[in-house]
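Participant: This structure is in structure tokens; I'll ask about it shortly.
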Amino acid sequence: MKNNKKSSKRFVLVTGGTGYIGSHTVVALIAAGYNPIIVDNLSNSKVSVLKRIKKITGKLPLFYKMDLRNTMALNKIFQKHSIASVIHFAGFKAVGESVAEPLKYYENNIQSTISLCKVMNMHSVKKIIFSSSASVYGEASVVPIKENSLPVPASPYACTKLMIEQILIDIYLADPFWRIALLRYFNPVGAHESGLMGEDPQGIPNNLMPYISQVAVGRHKKVNIFGNDYPTDDGTGVRDYIHVMDLAEGHVAALKKIETATFKKPQIINLGTGKGYSVIEILRAFEKAAGKVIPYRITKRRPGDIAACYADIKLAKKLLGWKAKRNLADMCADAWHWQSQNPKGY
Ligand code: NAD
Ligand code: UDP
1 MKNNKKSSKR FVLVTGGTGY IGSHTVVALI AAGYNPIIVD NLSNSKVSVL
51 KRIKKITGKL PLFYKMDLRN TMALNKIFQK HSIASVIHFA GFKAVGESVA
101 EPLKYYENNI QSTISLCKVM NMHSVKKIIF SSSASVYGEA SVVPIKENSL
151 PVPASPYACT KLMIEQILID IYLADPFWRI ALLRYFNPVG AHESGLMGED
201 PQGIPNNLMP YISQVAVGRH KKVNIFGNDY PTDDGTGVRD YIHVMDLAEG
251 HVAALKKIET ATFKKPQIIN LGTGKGYSVI EILRAFEKAA GKVIPYRITK
301 RRPGDIAACY ADIKLAKKLL GWKAKRNLAD MCADAWHWQS QNPKGY
């Protein structure tokens with residue numbers, strides 16, 4: 001006999017949960033005693049990550065290969081499972097591509113979120129954590145960047161993040177029972193300490209750390225350093241790199257807060273370490289972790305890049321009781337452990 005009754009097991013829906021940050025967060029959620037369900041269309045990730053999650057945690061999370069914009073299919077998942085809250089990672093994230101193909105970004109990132117929130121509303125699921133980005137601050141910011149800095153997004157990607165924040169704020173204004181955390185990540189890097197999971201960019205990496213690790217493993221000849229004439233100590237760009245497992249644990253801390261309804265209104269929170277490192281410092285730290293020289297050359301600035309960007313992290317400490325624990329050496333060691341064991345990714 002078919003049983004249409006929902007089980008009493010309570011789930012956290014993780015959209016984009018087979019992706020880089022999502023998969024690490026699933027591991028942290030399981031470690032904290034949660035039951036994650038993953039929805040991902042695998043447009044930028046591989047299903048084989050699920051086996052790695054099982055290897056690390058002993059649990060295979062429920063997985064649905066599905067596009068979030070398919071509202072009917074999403075509704076069925078909410079009908080079937082008792083979902084208590086949502087962590088919404090799914091979306092496209094390449095800044096350069098968003099400049100070249102803005103509609104692709106607005107369509108996917110915004111429509112996915114609208115579809116998700118409609119279904120959440122239908123099922124009275126009103127707790128959501130959203131993956132926003134330090135890119136919403138854009139160029140005009142003073143460092144360290146506080147959450148109340150005026151956002152000046154400089155790409156369609158960053159605009160989608162700010163628009164989604166606004167959509168969620170408006171949803172709350174219409175219905176104050178929603179509990180919303182808008183987490184603005186700085187530069188997530190590194191991998192799970194087991195070396196079983198890590199970042200697996202499709203094609204040539206846009207970001208610094210995965211590019212360096214692919215050079216270290218022989219997939220590219222040299223790192224291109226985009227400009228050494230910035231007004232920073234060594235002239236190269238400074239960013240706030242955060243270990244992906246610290247970021248994952250930041251989500252668990254935020255989930256605990258929205259569950260206990262600590263946030264009375266949508267809460268924007270920076271997730272970073274508060275420390276800035278230059279491109280050269282990252283390269284040197286990676287060389288130390290990998291025990292090899294990493295060739296590089298200085299090239300011209302990448303359009304749209306800024307000199308320095310790092311977080312003011314006081315609010316995260318105050319509101320979440322969370323602070324990043326892992327340092328730059330850990331980030332590089334874990335990234336290298338992953339890359340050297342999995343030179344071609346998953
Ligand atoms: P990722 O590409 O590895 O993960 C995103 C996942 O979403 C992928 O697995 C992809 O297949 C899935 N996806 C995309 N569109 C979908 C759709 N319509 N339906 C279902 N699944 C869909 O990216 P990530 O680095 O893990 O980033 C996760 C989130 O964090 C993104 O929203 C990103 O914008 C944000 N973020 C990332 C960074 C970063 O540097 N990695 C920085 C700030 C913010
Ligand atoms: N960067 C670089 N070479 C690369 C990729 C990045 O020199 O191949 C620099 C970039 O100019 C910036 C820093 O590294 O100063 C971090 O860039 P990334 O793309 O990783 O992050 P974001 O620009 O989003 O902060």
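Each residue of the sequence shown is one higher than the one before, starting from 1 at the first, in the numbering used here. Even for Gly, the Cβ is constructed at its ideal location relative to N, Cα and C. As the structure is a prediction and not an experimental result, all values here were calculated from the model.
1. Whole angstroms is fine: what's the gap from LYS93's alpha carbon to TYR157's?
2. Within the continuous beta strand (DSSP E) that includes VAL189, where are the two ends?
3. Taking Cβ positions, are ALA84 and GLY16 nearer each other than 7 Å?
4. Does ligand 2 have even one heavy atom less than 6 Å from the beta-carbon of GLY235?
5. Note the first and the last residue of the continuous alpha helix (DSSP H) segment covering ILE21.
6. Taking its Cβ as the centre, do 16 or more other Cβ atoms sit within 10 Å of VAL152, making it buried, or is it exposed?
7. Taking the alpha-carbon of PHE130 as reference, which of ASN224, PHE226, ALA154, MET163 has the nearest alpha-carbon?
8. For LYS2, which residues in the same chain have their Cβ closer than 6 Å to its Cβ, ignoring the five residues on either side in sequence?
9. Under a Cβ-count criterion, where at least 16 other Cβ atoms within 10 Å of its own Cβ denotes burial, should ASP240 be classed as buried or exposed?
10. Can you tell me whether ASP40 sits near ligand 3, meaning its C-beta is under 6 Å from at least one heavy atom of the ligand?
11. What is the DSSP secondary structure of LYS2, reduced to helix, strand or coil?
12. Is LYS118 near ligand 1, in the sense that its beta carbon is under 6 Å from a heavy atom of that ligand?
13. By Cβ distance below 7 Å, which residues in the same chain neighbour HIS361 in space, the five residues on each side in sequence not counted?
14. Determine the direct distance from the alpha carbon of GLN79 to that of PHE186, and round the result to whole angstroms.
15. Between ILE83 and ligand 1, is there a pair consisting of the residue's CB and a ligand heavy atom that are separated by less than 6 Å?
16. Return the chain-ordered ranges of every beta strand (DSSP E) run that is complete within the stretch 63–143 and spans a minimum of 3 residues.
17. Could you tell me the boundaries of the alpha helix (DSSP H) in which GLY226 lies?
18. Which residues in the same chain have their Cβ closer than 6 Å to the Cβ of VAL95, if we skip the five residues on either side of it in sequence?
19. If you scan the stretch 243–329 from start to end, which runs of the beta strand (DSSP E) of 3 or more residues do you find wholly inside it?
20. On a CA-only basis, which of LYS292, ILE306, LEU196 is nearest TYR346? Give me that one, please.
21. From ARG69 to LYS118, what distance separates their C-alpha atoms?
22. My understanding is that LEU247 touches ILE56, with C-beta atoms under 8 Å, so please give their C-beta distance in whole angstroms.
23. Can you tell which of GLN339, CYS309, LEU283 has its C-alpha closest to the C-alpha of VAL223?
Facilitator: Straight from the coordinates:
1. Cα to Cα, the separation comes out at about 7 Å.
2. 187–189
3. If you check the CB distance, ALA84 and GLY16 do not come in under 7 Å.
4. no
5. 20–31
6. exposed
7. Taking only the C-alpha atoms, the option nearest PHE130 is MET163.
8. Any answer about LYS2 is weak, because its pLDDT of 47 lies below 50 and its placement is not dependable; what the coordinates show is given next. The answer is none, since no qualifying residue turns up.
9. Buried is the call here.
10. Among the ligands in the structure shown, ligand 3 does not appear; only ligand 1 and ligand 2 can be found there.
11. Residue placement at LYS2 is flagged as unreliable, the pLDDT there being 47, under the threshold of 50; the coordinate-derived value follows with that caveat. Looking at LYS2 - three-state DSSP - the assignment turns out to be coil, as it is neither helix nor strand.
12. no
13. Lying before the first or after the last residue shown, residue 361 is absent from the chain, which here runs from 1 to 346.
14. 35 Å
15. no
16. 82–88, 127–133
17. Checking the sequence shown, residue 226 turns out to be Phe, not Gly. Per DSSP, PHE226 belongs to no alpha helix (DSSP H); it is in the beta strand (DSSP E), 223–226.
18. SER155, TYR157
19. 267–271, 296–299
20. LEU196
21. Roughly 11 Å between the two C-alpha positions.
22. In this structure, LEU247 and ILE56 do not form a Cβ contact; the two beta carbons are roughly 16 Å apart against a cut-off of 8 Å.
23. If we check each option's Cα against that of VAL223, LEU283 comes out closest.
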